[in-house]
Structures are given as structure tokens and as C-alpha cells.
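Residue numbers (the UniProt record's numbering): 1 to 683. Reviewing the structure listed below.
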Amino acid sequence: MLVPDHPSSRASGPSLRRRDIQGLRAVAVLAVLLFHLGVPGLGGGYVGVDVFFVVSGFLITGNLLREHARHGRVSLARFWARRVARLAPPAVLVVVATIAACAVWMPPLLRPSTARDAVLATFGVANIDFARVGTHYLSSSEPSVFQHFWSLGVEEQFYLLWPVALVLTLAIAGRRLLGVVLGVATTASFALCLWLVTVSQPWAFFSLPSRAWELGVGALLAVAAGRLADLPRVAASVLGWLGLGAIAVAVVAFDESTVFPGAAALLPVLGTAAVIAAGTGTGVRRDAMGRGAVGSGAVDRLLSWRPLTRIGDVSYPLYLWHWPLLIIPALALERDLRPMELAAVAIASCALAALTHVTLERRLTPRLARRRPLTMAVAGLAAAAVVVGLASAALTNPVLATDAVVKAPTVDDVRAGPDATSVVPSNLAPSLADVGGSIPPIYGDGCHADYQVVEAIGCSFGDPAGPTTALLGDSHAAHWFSPLRERAERRGEELVVHTKLTCPVVDITLAHPHAARDYTECRRWRDDVVATLNESPVDTVVVSHAVGGYRLLTRTPDDFEREWTAAIERLVDALPDSTRVVVLGDTPRWPERPALCLSIHLDDAGACSAPIESLVDDGAQAADRAGAGRAGATWVPTIDWMCTETCSPVIWNALGYRDTNHLTDDFARVLGPRLDEALDAAR
1 MLVPDHPSSR
11 ASGPSLRRRD
21 IQGLRAVAVL
31 AVLLFHLGVP
41 GLGGGYVGVD
51 VFFVVSGFLI
61 TGNLLREHAR
71 HGRVSLARFW
81 ARRVARLAPP
91 AVLVVVATIA
101 ACAVWMPPLL
111 RPSTARDAVL
121 ATFGVANIDF
131 ARVGTHYLSS
141 SEPSVFQHFW
151 SLGVEEQFYL
161 LWPVALVLTL
171 AIAGRRLLGV
181 VLGVATTASF
191 ALCLWLVTVS
201 QPWAFFSLPS
211 RAWELGVGAL
221 LAVAAGRLAD
231 LPRVAASVLG
241 WLGLGAIAVA
251 VVAFDESTVF
261 PGAAALLPVL
271 GTAAVIAAGT
281 GTGVRRDAMG
291 RGAVGSGAVD
301 RLLSWRPLTR
311 IGDVSYPLYL
321 WHWPLLIIPA
331 LALERDLRPM
341 ELAAVAIASC
351 ALAALTHVTL
361 ERRLTPRLAR
371 RRPLTMAVAG
381 LAAAAVVVGL
391 ASAALTNPVL
401 ATDAVVKAPT
411 VDDVRAGPDA
421 TSVVPSNLAP
431 SLADVGGSIP
441 PIYGDGCHAD
451 YQVVEAIGCS
461 FGDPAGPTTA
471 LLGDSHAAHW
481 FSPLRERAER
491 RGEELVVHTK
501 LTCPVVDITL
511 AHPHAARDYT
521 ECRRWRDDVV
531 ATLNESPVDT
541 VVVSHAVGGY
551 RLLTRTPDDF
561 EREWTAAIER
571 LVDALPDSTR
581 VVVLGDTPRW
591 PERPALCLSI
601 HLDDAGACSA
611 PIESLVDDGA
621 QAADRAGAGR
631 AGATWVPTID
641 WMCTETCSPV
651 IWNALGYRDT
661 NHLTDDFARV
671 LGPRLDEALD
681 AAR
């Protein structure tokens, strides 16, 4: 969250500060903080970010317009220098402190990616990478300790582009048309947001183009501030209460299932705009931005309450500190924080925010703001160089294995059952550092269909003249590709692949994983696959799915088992009678990536094991088995190949899982003999 220059750095002096906006800023940061602390009833606290966007658009545009009114021009260099002076010191401090803490307490496996995130956050482009990663199926599931820098990235990009656009608009069209141009741009951004949230929610959430309308609403308020100053007192009071109520409703009624930031974002955005507009026109003497003495409106008085304005004063550093203080202890402890620990995080966040405010924002920032733009540019580059150097030195090249060497398993070893290894050996396959790259080759050659694909691809491997096996399903089918291809090549057979991201080949209706709509591409692809297999029948179909993972993507999760059983039956019935169908049961689903735990416990891999019952969705497995059995297909309990009563992430010298629920390609190949046995025994 970005906040305006501290009053002591303004030429206009502290008497013109909008105390109600300081209070509004406090409401925003408290909403975010309490949401991240998991306080019940505040599931929509994330809308605090939207409140900040509107406030920032209002204040920054007002500053630019006043400078243009006073001097007839806007010094872009000085504007950007002031932004660096205001934003960089606290941000760099938090980044450096976070890097140091991560070097001590973060799981070694996460340190290289954290170093990268630190650099991206420092240069104000972390939001772009988070949007990209959010739509990347193979990305890790752990939140970055710099995840909260996404909003700073949005605003910093806005600060880079909007002043240029404003200056050009004023030069070409004049002040009268500024509001029209801004209104058109804001509307276009909102339209993009509405569309993008149905296509790629991460890009809608993290990117400037889809968030610019929120800053644009604030900017429109600044353009219209002169007219708002004449707003009648009663109208301003009603508007203020409606606005504050809208923000409160969003905080309480929204949650993580709310489609956001689509049309739902209108509630906190327009609510914030209403509060700002009400404070601009409370009927007391203020300047053109509504700044001056506190008005007599009740909302104005509430938001100007001294405890709230004090929190508003420290809102920027409070936002910066709270997230790493939440994430790093949880990673170090390998569990969620308990209530007393969360309370300690809140206290520590407030204490560090207050200290940062006093030492940097009140003392250093005013001095830096008076420096020449060139000086600030050099200082900013120097600070960035420090972050890059520190991140590279402290967080790269972690130790990720012991010196032990473990014998690779023979075919007889694999057939005898899993044998857990007690350490992370030096010959671990894949290594912890390379675990993310141990994926089936079909991910890289276009054979594993992406989200938008609607037609069967049907890549062929092996000898087309031999018997044909078709692999059907989602990514949990795809991770059996390599041993199936090796089997086909050994036997002179053909393997045809029909797999798609987060898409079962059974006819159940699912929500799109990354958009606010049904996953229609999955349905169309599924229909085409079944039609293809009827037009060109194969000898054997191997089906596998991440069954339990679809429970929350269905419209009726409470009736999931019955629906899945019936859907498996319908799939088998829809295939040619001559086709033999084998359904491979699902694999374990871990609460966190086992590789993270292993990177902490190199000498004790057993510490990362878990009871089999904690990693299996029994209801989903039973539904899968029942559907196959009723349809006359063979169901194979693959979990027996990798677990006994306990599941271990290291079997022999193989690392079993690349994330929480996918087998590594190396481990899938190791299990090839068990897969051969199962297919040979299938009826």
C-alpha cells in the first residue's frame, strides 16, 4: 500500500492534511492485517488494497494538478524523485530485513526463488511475475514472502505512467477534457477487468491494466474536487455513511470464494470514493482538494479520531512488515501459527511500523525529498544494487543433500514394495534443486492440452502398427506417461495421449480453475476425446485423475462421490465394447511440498513422512473404485506402490513428489514394473 508524502515534507504544511483520509487509510490497513491474521468474520479484508488504490489515485492526481496550476507545468523528474524518497527507504529496509531472516529461517529449497522475488519487488515488477506464476500450472503453491509487494508494483507502475499521460493530456486537450479522457481510460480498464476475471483471474488481480480503473476513480475525484467542495452538508453526511458502509459490507461479506476483482470490486471502490467525496464537501473551509479543518460530519469525525489517524500514519510500514512476519515463522515452524503467535505477529508488526515511521518516514524522507532528481536516481540504483547483491549472497546455492549414496532399486526391489530412505542422499533423483523440472515430456511438446484447448490432440508414441493404448485424464494421468511410453516402446506397441490440465475425462461440470465461469473448454475437449476413441477404437484405455481435487470445483461438492461414481460408469459405457479400460487410482496428496520439508531435514527424511490415511481422500478413492467396478473396468490402487501404512517422500534413491500431489517423472519411471504388472493382470 502506498501513502502520500508525510505532512512534514509538504510545502503546504500539516494544517492542510486530510485527517479523514488518514483514518480511511487506517481502516484499509487494519482490514488487510486482520484478514491475513485469520480473524473470523473479516473474510473480505483484502479489499483494503482497493481502498488504498482509490486513495492513491486521488492524492497523487491532486498533487499533480496543483503543481500544474501553480507553475503551469509538472516536473516529472521531481515527481518521480519524491516518490522514490517516500517509498524506497521503508521498502528497502523491509526487503533487506526479510532477506536476512530468510537466510536463517526459511526452508533452503525456497531461498533461490525468494532471492528472485526480492529483486523483482525492489524494481516494482513483482506483480507481473505473480500474475504469470498464478496461471502457471507447474508453479509451487507456497506464498512468497514478498507477495504483498504486488500492490506496490501496481502503484509504482501507475506512478510511472499516469503523470506522463496527465501532462500530455493537459498539453493537448487542456484541463476541460482531462476528466473525459480519464473517464474513458477508467471505463476501459474496468471493462478489461470484467473480461479478464473470466479468462485469467490472476492477471485480473495482479496487473495494472485491470486495476488501473480503481486508481482512475480516485483520479476522477481529484479532477472533480472543486465541484465536490460545494456538496451540501447533509448530502455529504449521507454519502459518507453509505461509503463507509459499503467498505464494511465488502470486508464482512466477501471471502476467498468471491469473484474478484470483477464487478464485486465496485463495492469497496465506490464506497471509498464516496467517503473521500463526502470529506471533500462537508461544508467547512477547505482547499480545492477538501483539505483543511476537520468537518463536522459524523463520518469525518469518526475517521479523524486520533487513534485511527495514528494508525493511518504508519499504514505503509505496517503493510510492509506484517506479511513477512506472518510467513517466515510459519515456514520455520512447519505449521500454521497459533492464536498467541498471531497476536505476537500483530504486536511486532505495529512496533516495527512505528519505529520505521519515526526513523525513516519522519526524519529521512523529508531530507531525501529535497534532493535533486539525479541524486535520488543514483541513490535508488545503489539501494537496488545492495538488494541484488545481498539476495544473491544470502539466498542462492543452499545445501540440499547429504553425502550419503543410496543404491538405485532393481525391478525386483520395486515389485517387492516401497522401501523408505532415512536421509536425503547425494544421488537423489531428481535432486531437490531440480524437482520442479522432473515433469513428463508431454508438458513441453504440446501434447498435454492447456486450459484453452477444446479439441483432442492425440499425440502418438511407439509403433502405430502394434496394439494401441490410450492414456486419458488430467495431470494425474500425465504423470504416468513416461512408464507407459517405455512399455509401448519395449513391446512394439503404440501409446496415444489424451490429457488436459485440471480436466477429468468424465462428464461432470466444473468451475474454471483460473476464471469466474464454468470450465467449458474441459467439457468440449472431453466430448471430442470420447468421439475420437469411438471413431478410432484402441485396445486399452488407461484412465487416471486427481479425483479428490475436483470436489470443490463441482457445483455440488456434498454430492461429489455419487456424481463421480456415475460419471466413471458413463465414461466406460461411452467407449467401444472392444476397449479394455483400466482406471489407475489416485496418488497421495500432501499438505505441503515434501521437498520443502526434506530441505530442512536432510539427515532425517522420516520427519517428512505421514500416515497414509492423512494423505488420501477415502471418499473420492471409493467413488473412483466403485464407478470402475460397476462398469466392468479394472481399478488399480496405485497408492500401494508408494506407501505402506506410512508414505515417505524418498523411496530408495527416488524423490517421489514434485509438488503436493504429482509424482516426479523419475519416480514414475521407477514404478514402471508395477504398472506393467497391473496392466498385464487387467481383464
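Ideal placement from N, C-alpha and C gives every residue a C-beta, glycine not left out. Only a predicted model underlies this, so the values are computations on that prediction, with no experimental measurement involved.
As assigned by DSSP and simplified to three states, the class of residue i
{"i": "residue 449", "result": "strand"}
{"i": "residue 508", "result": "coil"}
{"i": "residue 554", "result": "strand"}
{"i": "residue 753", "result": "Only positions 1 to 683 of the chain appear in this structure, which leaves residue 753 out of reach."}
{"i": "residue 461", "result": "strand"}
{"i": "residue 660", "result": "coil"}
{"i": "residue 594", "result": "helix"}
{"i": "residue 289", "result": "With a pLDDT of only 49 at residue 289, under the threshold of 50, the placement of this residue in the model should not be trusted; the figure read from the coordinates follows. In the structure shown, residue 289 sits in coil (DSSP, three-state: anything other than H, G, I, E or B)."}
{"i": "residue 518", "result": "strand"}
{"i": "residue 98", "result": "helix"}
{"i": "residue 321", "result": "helix"}
{"i": "residue 125", "result": "coil"}
{"i": "residue 295", "result": "Confidence in residue 295 is poor, its pLDDT being 49 and thus under 50, which makes the residue's placement unreliable; the coordinate value appears in the next sentence. Of the three classes helix, strand and coil, the one that applies to residue 295 here is coil, per DSSP."}
{"i": "residue 137", "result": "Because the pLDDT of residue 137 is 49, which lies under 50, any placement of that residue in the model is unreliable, and the question is left without a value."}
{"i": "residue 635", "result": "strand"}
{"i": "residue 81", "result": "helix"}
{"i": "residue 646", "result": "strand"}
{"i": "residue 655", "result": "strand"}
{"i": "residue 383", "result": "helix"}
{"i": "residue 283", "result": "Residue placement at residue 283 cannot be trusted, given a pLDDT of 45 that sits under 50; what the coordinates show is reported in the next sentence. Looking at residue 283 - three-state DSSP - the assignment turns out to be coil, as it is neither helix nor strand."}
{"i": "residue 425", "result": "coil"}
{"i": "residue 682", "result": "coil"}
{"i": "residue 242", "result": "helix"}
{"i": "residue 330", "result": "helix"}
CA nearest to the CA of residue i, picked from the options
{"i": "residue 638", "options": "658, 662, 630", "result": "662"}
{"i": "residue 417", "options": "32, 111, 675", "result": "675"}
{"i": "residue 382", "options": "119, 208, 107", "result": "119"}
{"i": "residue 160", "options": "34, 110, 75", "result": "75"}
{"i": "residue 109", "options": "220, 629, 649, 596", "result": "596"}
{"i": "residue 253", "options": "43, 238, 68, 244", "result": "43"}
{"i": "residue 498", "options": "486, 455, 660, 539", "result": "455"}
{"i": "residue 49", "options": "40, 320, 144, 301", "result": "320"}
{"i": "residue 656", "options": "636, 609, 617", "result": "609"}
{"i": "residue 302", "options": "621, 86, 19", "result": "19"}
{"i": "residue 152", "options": "604, 543, 52", "result": "52"}
{"i": "residue 314", "options": "424, 64, 358", "result": "358"}
{"i": "residue 441", "options": "664, 183, 166, 603", "result": "664"}
{"i": "residue 649", "options": "564, 428, 630", "result": "428"}
{"i": "residue 148", "options": "584, 527, 36", "result": "36"}
{"i": "residue 227", "options": "635, 278, 447", "result": "278"}
{"i": "residue 390", "options": "88, 41, 379, 100", "result": "100"}
Supposed close pair residue i, residue j - CB separation, criterion 8 Å
{"i": "residue 217", "j": "residue 61", "result": "Not quite, the Cβ-Cβ distance comes to about 11 Å (not below 8 Å), so this is no contact."}
{"i": "residue 46", "j": "residue 55", "result": "Not quite, the Cβ-Cβ distance comes to about 16 Å (not below 8 Å), so this is no contact."}
{"i": "residue 494", "j": "residue 462", "result": "5 Å"}
{"i": "residue 426", "j": "residue 403", "result": "6 Å"}
{"i": "residue 324", "j": "residue 98", "result": "4 Å"}
{"i": "residue 90", "j": "residue 360", "result": "5 Å"}
{"i": "residue 530", "j": "residue 624", "result": "No, residue 530 and residue 624 are not in contact; Cβ-Cβ is about 18 Å, not under 8 Å."}
{"i": "residue 419", "j": "residue 413", "result": "7 Å"}
{"i": "residue 583", "j": "residue 543", "result": "5 Å"}
Range covered by the beta strand (DSSP E) that runs through residue i
{"i": "residue 494", "result": "494-500"}
{"i": "residue 226", "result": "No beta strand (DSSP E) holds residue 226; the alpha helix (DSSP H) holding it covers 225-228."}
{"i": "residue 469", "result": "468-473"}
Extent of the continuous alpha helix (DSSP H) run through residue i
{"i": "residue 414", "result": "411-416"}
{"i": "residue 580", "result": "It is not in any alpha helix (DSSP H) - residue 580 instead sits in the beta strand (DSSP E) that spans 580-584."}
{"i": "residue 40", "result": "Neither: residue 40 is in no alpha helix (DSSP H) and is coded neither H nor E."}
{"i": "residue 569", "result": "560-574"}
{"i": "residue 70", "result": "48-71"}
{"i": "residue 106", "result": "Element bounds for residue 106: n/a, residue is neither H nor E."}
Residue i at chain C interface by Cβ criterion, 8 Å
{"i": "residue 603", "result": "Included in the structure is just one protein chain, with no chain C present."}
Check whether the segment 75-85 and the segment 372-382 touch, using three or more Cβ-Cβ pairs below 8 Å as the test. Touching, per the Cβ criterion.
Can at least three beta-carbon pairs, one atom from the segment 337-357 and one from the segment 110-124, be found at a separation below 8 Å? Verdict: no, contact absent.
I want to know whether the segment 231-243 touches the segment 269-276 - three or more CB-CB distances under 8 Å. Cβ pair count under 8 Å is three or more, so yes.
Contact between the segment 473-486 and the segment 161-181 (3+ Cβ pairs under 8 Å): Output reads no: the segment 161-181 does not touch the segment 473-486.
Would you call the segment 258-273 and the segment 201-214 touching, i.e. three or more CB-CB distances under 8 Å? Contact between the segment 258-273 and the segment 201-214 is present, because at least three Cβ pairs lie under 8 Å.
Indicate whether the contact test is met: 3 or more Cβ pairs, each with one atom in the segment 502-510 and one in the segment 189-197, closer than 8 Å. Contact fails: fewer than three Cβ-Cβ distances are below 8 Å.
The segment 100-115 touching the segment 581-592, judged by at least three CB pairs closer than 8 Å: The segment 100-115 vs the segment 581-592: no contact.
Inter-stretch contact at 8 Å, needing at least 3 Cβ pairs: the segment 626-635 / the segment 564-582: Flag = yes, the segment 626-635 and the segment 564-582 touch.
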